[in-house]
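Student: Numbering (full-length UniProt numbering), first residue to last: 1 to 250. My questions will all concern the structure given below.
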Amino acid sequence: MASNITKLKAVDSLKQVKPVNRTKTKSAIASPVSSTQRIVASITTAISERRLRPGTKLSEQTIADLFKVSRTLVRQALNQLSRDQLVVLEPSRGAFVAMPSAQESREVFDMRRVLESDLTRKLCPIITHAQIAELRAHLRAEKETLAHPNVAGRTHILGDFHVVLAMMLGNTVLTKMLSELLTRSSLIALMYQSTLSATESQEEHVAIVDAFEARDVKTAVRLTLKHLDHLEATLRLDPFAPDLSQVLRV
Ligand SMILES: [Zn+2]
Numbered sequence: 001m002a003s004n005i006t007k008l009k010a011v012d013s014l015k016q017v018k019p020v021n022r023t024k025t026k027s028a029i030a031s032p033v034s035s036t037q038r039i040v041a042s043i044t045t046a047i048s049e050r051r052l053r054p055g056t057k058l059s060e061q062t063i064a065d066l067f068k069v070s071r072t073l074v075r076q077a078l079n080q081l082s083r084d085q086l087v088v089l090e091p092s093r094g095a096f097v098a099m100p101s102a103q104e105s106r107e108v109f110d111m112r113r114v115l116e117s118d119l120t121r122k123l124c125p126i127i128t129h130a131q132i133a134e135l136r137a138h139l140r141a142e143k144e145t146l147a148h149p150n151v152a153g154r155t156h157i158l159g160d161f162h163v164v165l166a167m168m169l170g171n172t173v174l175t176k177m178l179s180e181l182l183t184r185s186s187l188i189a190l191m192y193q194s195t196l197s198a199t200e201s202q203e204e205h206v207a208i209v210d211a212f213e214a215r216d217v218k219t220a221v222r223l224t225l226k227h228l229d230h231l232e233a234t235l236r237l238d239p240f241a242p243d244l245s246q247v248l249r250v
């Protein structure tokens with residue numbers, strides 16, 4: 001079967017990688033954010049905000065110039081991003097933003113279903129009033145962002161909802177894994193042209209929080225899975241491959 005990789009327009013996207021400012025803190029204990037981590041954070045954010053598109057070449061020299069660091073540090077950052085499967089390193093060609101295959105995309109959603117249904121099942125019975133209030137505040141922020149024409153920020157805050165839930169459970173491993181899966185989900189949504197509107201997504205978040213507030217574990221899990229199924233179903237993961245026996249039936 002021929003691969004169905006959409007010819008993606010190479011945007012002049014490296015300009016989109018804005019260096020994240022070094023965290024300024026008075027505390028002597030707080031460790032400074034290393035250059036490598038700043039590059040990793042900037043590229044990850046640019047991907048999750050859909051400013052960097054799948055397949056974009058990430059030139060070591062350009063990034064080194066942008067961040068005013070050596071190419072060795074850039075290489076370290078790209079290596080880390082490749083371990084997170086956000087970047088692909090190709091021998092003698094360089095680094096590119098990953099282009100998840102349809103199969104990988106299905107795997108990402110499978111994992112999200114496993115992790116997020118378990119998260120909901122555990123968090124729902126123990127969620128506090130303060131956390132519900134925090135979720136309501138997040139939903140209000142989502143709604144405000146929807147009113148803005150800034151699509152990038154919109155995607156980011158909608159994805160954040162899922163990470164906020166993971167943080168509330170207090171499981172740092174889960175939070176990290178889910179953050180990575182969500183960033184990959186942004187790449188997937190770009191690759192396979194998600195048609196789920198941000199408004200629909202936001203409404204589904206509201207229904208999930210309502211179930212959390214009612215401490216209705218069964219409904220919360222069902223709505224979480226429905227939301228993820230909906231997200232996956234609106235991707236065009238199936239290449240146009242008509243069943244010849246149907247098409248050519250005489
Ligand atoms: Zn969502």
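Glycine is no exception: its CB is placed at the ideal position from the N, C-alpha and C atoms.
1) Enumerate in chain order the residues of its own chain whose CB-to-CB distance from L187 is below 8 Å, with the five nearest sequence positions on each side excluded.
2) Out of T56, R121, Q193 and T72, which one is the CA nearest neighbour of L225?
3) I need the straight-line Cα distance from G179 to R83, nearest angstrom please.
4) Please classify Q102: does DSSP put it in a helix, a strand, or coil?
5) With DSSP collapsed to three states, give me the class of L89.
6) Ordered along the chain, which non-local residues of its own chain (more than five positions away) have a Cβ less than 8 Å from that of T234?
7) Mind checking I29: buried by the 16 CB within 10 Å criterion, or exposed?
8) Give the DSSP-derived three-state secondary structure of K68 in the structure shown.
9) How big is the Cα-Cα spacing for L142 and Y192?
10) Are the beta-carbon atoms belonging to V206 and S117 less than 8 Å from one another?
11) For my contact list, V163 and L182 are in at a C-beta cut-off of 8 Å; report their separation, rounded to the angstrom.
12) Compute the Euclidean distance between the alpha carbons of L81 and T175, then round it to the nearest angstrom.
13) Here's the rule: buried if 16 or more other CB atoms are within 10 angstroms of the residue's CB, otherwise exposed. What is I127?
14) What would DSSP say about A147, mapped onto helix, strand or coil?
15) According to the Cβ coordinates, are L248 and A102 closer than 8 Å?
16) Using the beta-carbon count (16 or more within 10 Å), is G170 buried or exposed?
17) What are the partner residues of L58, as DSSP defines its beta bridges?
18) Given a cut-off of 8 Å, decide if L165 and L231 are closer than it, judged by their beta-carbon atoms.
19) DSSP three-state label for S201, please.
20) What does a CB cutoff of less than 6 Å around L89 pick up in its chain, not counting 5 residues either side in sequence?
21) Can you say whether V40 is buried or exposed, counting buried as having 16 or more other CB atoms within 10 angstroms of its CB?
22) Let me know the secondary structure DSSP gives I127 once reduced to three states.
23) With a threshold of 7 Å, establish whether the CB of F67 neighbours any heavy atom of ligand 1.
Tutor: Taking the geometry as given:
1) The residue given as residue 187 occupies position 187 in the sequence shown. The beta carbon of L187 sits closer than 8 Å to those of I47, P54, L86, V97, A98, M99 and P100, all from its chain and outside the five residues before and after it, given in chain order.
2) Position 225 of the sequence shown, counted from the start, is the residue given in the question as residue 225. Nearest option by C-alpha distance: R121.
3) Residue numbering aside, residue 179 sits at position 179 when the sequence shown is read from its first letter. Residue numbering aside, residue 83 sits at position 83 when the sequence shown is read from its first letter. Per the sequence shown, residue 179 should be read as Ser rather than Gly. Near 14 Å, if we compare the C-alpha coordinates of R83 and S179.
4) In the sequence shown, residue 102 corresponds to position 102, counting from 1. As written in the sequence, residue 102 is Ala, which differs from the Gln given in the question. Taken through DSSP and simplified to helix, strand or coil, A102 comes out as helix.
5) By one-based count along the sequence shown, residue 89 stands at place 89. In the structure shown, L89 sits in a strand (DSSP, three-state: E or B).
6) Along the sequence shown, one-based indexing puts residue 234 at 234. Closer than 8 Å at Cβ, skipping near neighbours: S194, T195 and L196.
7) Within the sequence shown, numbered from 1, the residue matching residue 29 stands at position 29. Caution applies to I29, whose pLDDT of 37 falls short of 50 and renders its modelled position unreliable; the model cannot decide the point.
8) Stepping through the sequence shown from its first residue, residue 68 is reached at position 68. When secondary structure is reduced to three states using DSSP, K68 falls in the coil class, being assigned neither helix nor strand.
9) To locate residue 142, count along the sequence shown from 1; it is residue 142. To locate residue 192, count along the sequence shown from 1; it is residue 192. It should be pointed out that residue 142 corresponds to Glu in this sequence rather than to Leu. Near 23 Å, if we compare the C-alpha coordinates of Y192 and E142.
10) Counting from one through the sequence shown, the residue named residue 206 turns up at place 206. Counting from one through the sequence shown, the residue named residue 117 turns up at place 117. No, these two residues do not count as a Cβ contact at 8 Å.
11) Your numbering for residue 163 matches position 163 in the sequence shown. Your numbering for residue 182 matches position 182 in the sequence shown. Yes, V163 and L182 are in contact; Cβ-Cβ is about 6 Å, under 8 Å.
12) Counting from one through the sequence shown, the residue named residue 81 turns up at place 81. Counting from one through the sequence shown, the residue named residue 175 turns up at place 175. Approximately 17 Å between the Cα atoms of the pair.
13) Start at 1 with the first residue of the sequence shown, and residue 127 comes out as number 127. Answer is buried; the Cβ neighbour count reaches 16.
14) As a first step, residue 147 must be located in the sequence shown, where it is residue number 147. A147: coil per DSSP, three-state reduction.
15) Here residue 248 refers to the residue found at position 248 of the sequence shown. Here residue 102 refers to the residue found at position 102 of the sequence shown. Against a cut-off of 8 Å, the Cβ pair of A102 and L248 comes out as no contact.
16) As a working mapping, residue 170 is identified with position 170 in the sequence shown. So G170 ends up on the exposed side.
17) Taking the first residue of the sequence shown as 1, we reach residue 58 at position 58. L58 is bridged to A95.
18) Here residue 231 refers to the residue found at position 231 of the sequence shown. Here residue 165 refers to the residue found at position 165 of the sequence shown. Not closer than 8 Å, so no.
19) Residue 201 sits at position 201 when you count from the first residue of the sequence shown. Helix.
20) The count along the sequence shown starts at 1 and reaches residue 89 at position 89. Short of 6 Å from the beta carbon of L89, and not among the five residues preceding or following it, lie these beta carbons of its own chain, in chain order: S82 and A95.
21) In the sequence shown, the residue the question calls residue 40 occupies position 40. By the 10 Å Cβ count, V40 comes out buried.
22) By 1-based counting over the sequence shown, the position of residue 127 is 127. It is coil, neither helix nor strand.
23) As a working note, residue 67 is residue 67 in the sequence shown. No - ligand 1 has no heavy atom lying nearer than 7 Å to the Cβ of F67.
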